[in-house]
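Just below is one structure, and these are the notes that go with it.
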Amino acid sequence: MEAVVMPKLGLTMTEGTVATWLKQPGDVVEAGEAIAEIETDKITYTLEAPVDGRLVRIDLAAGESAPVSQPIAWIGQPDESPPSAAAATVAPSAEGITAAEAVQAESGAGQSAGGPLATPFAKKTARENNVALSEVTGSGPNGRIQAADVEEFLKRLNPGTKATPAAAALAEEAGLDVSTVPSAGERVRRADVQRALEPRRHPEGRLIPHSAMRASIANRMSESWGTIPHVTVHRTSPVDGLMALHRRAKETAQASVSLTAVLACLVSRTLLKYPALNAHYESAGCLVFDDVDLGVAVSVPGGLVVPVIRDANRKCIPELAEEIRGLSERARSGGLELKDLEGGTFTISNLGMYDVDGFTPIIVPPQVGILGVGRTTGAASESVESGAAQQNMTVSLSFDHRAVDGAYAAQFLSALARSLADPLQVLL
Amino acid sequence: MNKDTLLRWYRTMMRIRIFEETVNEKFLAGEIPGFVHLYIGEEAVATAVCSLLEESDYITSTHRGHGHTIAKGADVKRMMAELYGKRTGYCKGKGGSMHIADFGVGMLGANGVVGGGINLAAGAALASQLLGNGRIAVSFFGDGASNRGTFHEGLNLASVWRLPVVFVCENNQWSSTTPYRESTSVEDIAVRAAAYSMPGAVADGNDIFDVYEKAAQMTQRAREGGGPSLLEAKTYRIKGHFVGDPEKYRKREEVMEQLDRNDPIKRFVERVLEEGLLTSEDLTRIDHETLEEVSSAVAFAKESPFPEPTEAYEDLFVEAGAQ
Amino acid sequence: MRNITFAEATLEAMREEMARDARVFVMGEDIARQGGIFGQFKGLPDAFGLERVRDTPISETAIVGAGIGAALGGTVPVIDMHFADFIGVAMDEILNQMAKIRYMFGGQANLPLVLRAPDGVTRSGAAQHSQSLEALFMHIPGLKVVAPSNPKDAKGLLKAAIRDPNPVIYFEHKDLFRQRGEVPDGEYVTPIGEASVVQEGGRLTVVSYSRMMTQVQAVCKQLGDEIAGQVELIDLRSIVPMDTETILASVRKTHRLLIVHEAVKRGGVGAEIAAVVAERTIEYLDAPIVRIGAKPFPVPFSPALEPAVIPQEREIVEAIRGLLGARI
């Protein structure tokens, strides 16, 4: 039987910690084979088996520390049994057992009876709370169960604490008494604990400085909201035609076509009939455009950008889809140039993919209008010819009341709604 | 010697003799537990020396201590009760024969360790010197004790401090089973006094008059601030070392000859009758009274209750209770 | 409060008690002319005369034996053993006389006597001048045994010992004599049999006494407030009678026990404390009891060897860290 001892890896080293055991009791090892990783305050070291044999017993659990030269494991033949912990000391006599070794010592009674190793106080605590020690995981030396282990077990188990195990564990880790955590339901849940911990983590709040993009968005939005008298009109419209067109476009294009591209096609063509919305408001008058340079709001990490599709009213759906995809990719990868973002005459912002019903978009100055697109509700039908519309969508138009009035905007929205239900309407 | 002293001496010697014979009998009858060492044959030493002491003076004694205790004035009833292990004994049953004591008459205890009392007596004398109360101390010990360090350290200390103490060595010829001649470097232990610059004298320990005469000079010296002295009283231990000693180490004839020729009480009686100092009636009366006294002591001891087991936890410290 | 040495504190106790009670006297080797090896008797002959402050022959048997006799004769002797190691010379006087006289004579006698015994390791005293022997006397019924760790208790316990009507062995660590500390002004007595909770803490009880107490306190400082704050520190002060209730109450609170003494660990005071705790309150233990004491060898001479036998601070640090576990 050969003792594997905690190596002395330097003049000043007095104790080391087993980071991991690479071999388990029962494993056959060869001399020189790595069996454990040892950590000191300075280095990590691979501990090698001193002899050929079988790893018979591990005396020091991973994560535990021991003084140098203390046996931490035993290698022998399968039929050999290692000496008892008391006899395992390398001191001159049994009386020479060091304090550190005594701390590690096993309290034999618990083990010889076949039960788990536990301190008397842990046993008392367990007995008084009707806890079976076999269910408790010991955190002490040699896996010895200490009273704190029983208490932790109880905290997770005991319905009196009205906390889920995950909540109890998180609370204990954070040093929070789980019974003080407010809970909406019967039991404190992990989220409750997390909430309770938040103010503890940053009682003063956390300052995240504005990014350049954030600052820019903030300026634009403040300018818009502060100067433009917004009015938003909403309309929920059947969109079976739109959806059918979308399906057909995808089939035709043999590529992915976004719903936004189909919308861009219909919106840009509808705008041609309502030129006052395809305009810039300027102090001298409204600058009205013949073609639609359509801004498309794209969400990017940390904010949003609005790249512009030139002459959207002249492009077919696959072209629009291709262009939006390209712009979006460049937007997300930070590859947009200034010219991609300038000169929009109207903007679409589609949040339908996030399942919002509708919203009031803020106009991008100096434009006059912006269309917010909500989600599609209802089940898809095979074709528009099959009968009553089954799918709806809410579209919201925010407009600059200095430039246009509500009736005009409502008429635009009405025309758009018709084209969403039946895209051929744009041609009429 | 006035008649009162002679009567007192006889009464004391007879009290010791009858007490010891009775103890012998009761021990052999199984009534007295432990082991006892008898003073028979040595009565003249304690009787003569103690007759020179006041009640407030101190003595220390040996394992063979009944005689000293009686001579110093202790009550045989309470002594016998102690030997019987009874609550009414001097030590409430905690001491027995070997630790018989009566601090009330200055008897600072029989001592189970040979030579154990020598320095205690020196210390008691030191206390008297410091307190200036005029008391003196006497230490009784045997020839065996004169070979212990306590004897030599104690005599030296008493000498350099001129303590009021008399060291009385009862040379009864036997250190348990070893003859003193084989264990002691000198023929007369008294000569050891010279090593400590104090007077030393040999007395015939079985002649009460001789012991008295020599001890008187020493007690007087102590009282007068002259310091310590050493008296060797040559005597003979009639009984075995302890009751039940098979005495294989000596011939029966030797003992019988001592009893016949050298019994201190017999020698005293022969002398006082021969010289007409006391009458036969005086002695017979004392014999009867003493027999009666010891016999009622036995009755008292037998009637007395044993201590309760919990009394074993008393008297360790001045505060009551177990520690 | 005054800041004086341990030796001065014992000297104050002697002066006060000798002035209070004319029966008190002191004797020993080299205490009158020399004033004691550690100066603990300096000036006493001038104040009380050579009758009451006595140099003795080198006769430990006679000194202790006569001390016992003097106590029986109505005085209150304080006996200096010069070095605790020399107690062996007078062992019968202690074992068979001093410890037993009151009891075996059925309480007829009081034995007001103090045996002062400078003990422990100091300056390479080697095997016969370095021992801590309190466990021997703890084992003998009939003796009280005290071992102060600081000047304040040194004075208070010596006064209590002198006033105690029972024999008291007063162990004073040689290395502590020059240690300074706060001593209250005016009259006070430290009761024998009361431990002192020097510092309160919740997770580990450390029991110590005499010089090792100062080592433990130094270690606590070194470990910092966070660790030291978990340590309840008990200065035993009296070995017999032992204040076991204070120890038990503390262990029931902290669930962990470390005992530190300079004397040999085997059969030591720590063994007794550990046994009492195991007998009476084992269910409250949440870790093995740990004892730190000297290894079972005579104290060697060389400065290179002495620390290998006598407990060192590092061992105390390791034990405290070990017992407090991975959380520190």
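Residue numbers (the working numbering), protein chains in the order written: chain A, 119 to 546; chain B, 443 to 765; chain C, 599 to 926. Glycine is no exception: its CB is placed at the ideal position from the N, C-alpha and C atoms.
Classification of residue i by the beta-carbon crowding that lies within 10 angstroms, buried from 16 upward
i: P688/B; result: exposed
i: A231/A; result: Legend: pLDDT at A231/A = 47, less than 50; position of this residue unreliable, value from coordinates given subsequently. It counts as exposed.
i: T732/B; result: buried
i: C818/C; result: buried
i: A924/C; result: Residue placement at A924/C is flagged as unreliable, the pLDDT there being 40, under the threshold of 50; the coordinate-derived value follows with that caveat. A924/C is exposed by the Cβ-count criterion.
i: R889/C; result: buried
i: I326/A; result: exposed
i: Y526/B; result: buried
i: P234/A; result: buried
i: A611/C; result: buried
i: V628/B; result: exposed
i: K708/B; result: exposed
i: P706/B; result: buried
Chain B contact for residue i (CB, 8 Å cutoff)
i: D678/C; result: no
i: Y768/C; result: no
i: N601/C; result: no
i: A660/C; result: yes
i: P894/C; result: no
Inter-residue Cα distance where the pair is residue i and residue j
i: Q372/A; j: R365/A; result: 11 Å
i: H541/B; j: A552/B; result: 5 Å
i: T135/A; j: A180/A; result: 8 Å
i: L469/A; j: A292/A; result: 39 Å
i: F582/B; j: I871/C; result: 43 Å
i: T720/C; j: V712/C; result: 23 Å
i: I677/C; j: I635/C; result: 14 Å
i: G194/A; j: M131/A; result: 28 Å
i: S730/C; j: V795/C; result: 23 Å
i: D170/A; j: T138/A; result: 20 Å
i: G686/B; j: G584/B; result: 20 Å
i: T673/C; j: S493/B; result: 26 Å
i: A539/A; j: G444/A; result: 28 Å
i: P347/A; j: Y392/A; result: 20 Å
Residue j beta carbon less than 8 Å from that of residue i
i: P710/C; j: P763/C; result: yes
i: I153/A; j: E166/A; result: yes
i: E775/B; j: N614/B; result: This structure does not reach residue 775/B, given that chain B is present from 443 up to 765, and the question cannot be answered.
i: S446/A; j: V426/A; result: no
i: L562/B; j: Q695/C; result: yes
i: Q543/A; j: S537/A; result: yes
i: V867/C; j: A733/C; result: yes
i: A668/C; j: A600/B; result: no
i: L774/C; j: T608/C; result: no
i: L550/B; j: Y701/C; result: no
i: E756/B; j: G705/C; result: yes
i: K534/B; j: S746/B; result: no
i: A697/C; j: I738/C; result: yes
Residue-chain proximity (residue i, chain C), Cβ-Cβ < 8 Å
i: T237/A; result: yes
i: K126/A; result: no
i: K242/A; result: yes
i: A265/A; result: yes
i: Y755/B; result: no
i: V547/B; result: no
i: A137/A; result: no
Residue-level contact to chain A via CB, residue i, 8 Å cutoff
i: E881/C; result: yes
i: A885/C; result: yes
i: H853/C; result: yes
- Query: Would you say the region 502-515 of chain B touches the region 700-720 of chain B, given that touching needs at least three Cβ pairs under 8 Å?
  - Reply: no
- Message: Across the region 739-750 of chain C and the region 833-852 of chain C, are there enough close Cβ pairs to call them in contact, namely three or more that are closer than 8 Å?
- Response: yes
- Task: Would you check if the region 668-681 of chain B and the region 601-610 of chain B touch, i.e. whether three or more CB-CB distances between them fall below 8 Å?
- Result: yes
- Message: Under 8 Å: do the region 250-268 of chain A and the region 891-907 of chain C share three or more Cβ pairs, one atom per stretch?
- Response: no
- Query: Would you call the region 444-464 of chain B and the region 693-703 of chain B in contact, with 3 or more CB pairs under 8 Å?
  - Reply: no
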